Amino acid sequence: MLFSPSRQDARGFFFDTWKKHQNGSVLTDLEKIVLSILIDHPEYHSILNHPEKYLEQEWTPEMGETNPFLHLGLHVAIEEQRSIDQPFGIRSLYAQLALRHGNEHRAQHEMMECLGEMIWYAQRYGGGPDVNRYISCVRGKLGMGEEETPRINPNDIPD
Numbered sequence: 001m002l003f004s005p006s007r008q009d010a011r012g013f014f015f016d017t018w019k020k021h022q023n024g025s026v027l028t029d030l031e032k033i034v035l036s037i038l039i040d041h042p043e044y045h046s047i048l049n050h051p052e053k054y055l056e057q058e059w060t061p062e063m064g065e066t067n068p069f070l071h072l073g074l075h076v077a078i079e080e081q082r083s084i085d086q087p088f089g090i091r092s093l094y095a096q097l098a099l100r101h102g103n104e105h106r107a108q109h110e111m112m113e114c115l116g117e118m119i120w121y122a123q124r125y126g127g128g129p130d131v132n133r134y135i136s137c138v139r140g141k142l143g144m145g146e147e148e149t150p151r152i153n154p155n156d157i158p159d
C-alpha cells in the first residue's frame with residue numbers, strides 16, 4: 001500500500017520538523033533531509049513558525065502565489081528519486097545539472113519544473129505520470145535528446 005498522507009498530515013510533517021529543529025530535538029533520517037530543504041528556503045521560515053495560521057491556507061496560481069508546501073514537497077520528491085536512482089538514471093542527470101549550475105539547489109529547481117510539468121500533464125489528460133515525459137524534460141535541460149528506447153511507465157503495467 002502506498003503512503004498517502006492528507007494535506008494536513010503532509011504540512012504537519014514540515015511544521016513538526018521545523019519545530020523539532022528549533023527545539024534541538026533528535027530528528028529522524030527523513031526529517032534531516034526535510035530540514036536541509038527547509039533551511040535552504042528562508043522565505044518560508046515565517047510560515048513554518050506559524051502552523052496555526054498556515055495549516056489550512058490556500059495558495060493558488062490564479063492569485064499569482066506559489067504553494068510553499070508543494071514547492072517543499074517537490075524538493076523532497078527529487079531527493080528521494082536521487083537517493084534511490086528512480087527513475088533509473090535520474091541520479092546521473094541530477095549530478096550533471098548540479099555540475100552545470102555549480103549548485104545543487106538550482107539543479108533541483110530545474111528538475112522540479114519537469115516533475116511539475118509531468119504531474120500537471122497527468123492530472124489534465126489522465127493516464128498517470130509519464131516517466132518518458134519527465135526524463136525527456138530533464139535531458140532537454142542538459143541539451144540531450146530523448147532516450148532511444150522508451151521506458152515502461154509503472155502505471156501501464158497490468159496488475
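The sequence shown begins at 1 in UniProt numbering and counts up by one.
Don't be surprised by glycine CBs; every beta carbon is placed ideally from N, CA and C.
Computed from a predicted model, the values in this text were never measured in an experiment.
Among Asn49, Met63, His45, Glu79, which residue has its Cα nearest to the Cα of Leu30? On the sequence shown, position 30 is the one that residue 30 refers to. In this structure, Glu79 is the residue among Asn49, Met63, His45, Glu79 with its C-alpha nearest to the C-alpha of Leu30.
Below 8 Å, can you find three or more Cβ-Cβ pairs linking the region 91–110 to the region 132–152? yes
Where are the beta strand (DSSP E) runs, 3 residues long or more, that stay fully inside the region 24–102, in chain order? As summarised for the region 24–102, there are no continuous beta strand (DSSP E) elements at least 3 residues long confined to that stretch.
Going by DSSP, what residue range makes up the alpha helix (DSSP H) through Asn132? The sequence position of residue 132 within the sequence shown is 132, counting from 1. 131–141 is the span of the alpha helix (DSSP H), which, as asked, contains Asn132.
Quick one: what does DSSP say Pro150 is sitting in, helix, strand or coil? Along the sequence shown, one-based indexing puts residue 150 at 150. Reduced to three states, the DSSP call for Pro150 is coil.
Just mark His105 as buried or exposed, buried being the case when its beta carbon has 16 or more other beta carbons within 10 Å. Position 105 of the sequence shown, counting from 1, holds the residue named residue 105. Per the 10 Å Cβ criterion, exposed.
Could you have a look at Met144 and say whether DSSP puts it in helix, strand or coil? Indexing the sequence shown from 1 puts residue 144 at position 144. Met144 falls in the coil class under three-state DSSP.
Between the C-alpha atoms of Val26 and Glu117, what's the straight-line distance to the nearest angstrom? Along the sequence shown, one-based indexing puts residue 26 at 26. Along the sequence shown, one-based indexing puts residue 117 at 117. Cα to Cα, the separation comes out at about 36 Å.
Looking only at its chain, what residues have a beta carbon closer than 6 Å to the beta carbon of Glu146, apart from the 5 residues adjacent to it on each side? Numbered from 1 along the sequence shown, position 146 holds the residue referred to as residue 146. Around Glu146: Ser136.
Is the beta carbon of Leu72 sitting closer than 8 Å to the one on Leu38? Your numbering for residue 72 matches position 72 in the sequence shown. Your numbering for residue 38 matches position 38 in the sequence shown. Yes; because the gap between Cβ atoms is below 8 Å, this pair is in contact.
Cα separation between Glu65 and Trp59? In the sequence shown, residue 65 corresponds to position 65, counting from 1. In the sequence shown, residue 59 corresponds to position 59, counting from 1. Roughly 6 Å separates the two Cα atoms.
Report all residues from its chain with a CB closer than 6 Å to the CB of Val131; omit the five preceding and five following residues, and keep chain order. By one-based count along the sequence shown, residue 131 stands at place 131. Once the five neighbours on either side are set aside, the close Cβ partners of Val131 are Pro87, Arg151, Asn153.
For Phe15, which of helix, strand or coil comes out of DSSP? Numbered from its first residue, the sequence shown carries residue 15 at position 15. Helix, per DSSP.
Going by DSSP in three states, Ile157 sits in which element: helix, strand or coil? If you number the sequence shown from 1, residue 157 lands on position 157. Note: Ile157 maps to coil in three-state DSSP.
Select from Pro68, Met63, Gly24 the residue whose C-alpha is nearest the C-alpha of Phe14. As a first step, residue 14 is located in the sequence shown; it is residue number 14 there, counting from the start. Nearest of Pro68, Met63, Gly24 to Phe14, Cα basis: Pro68.
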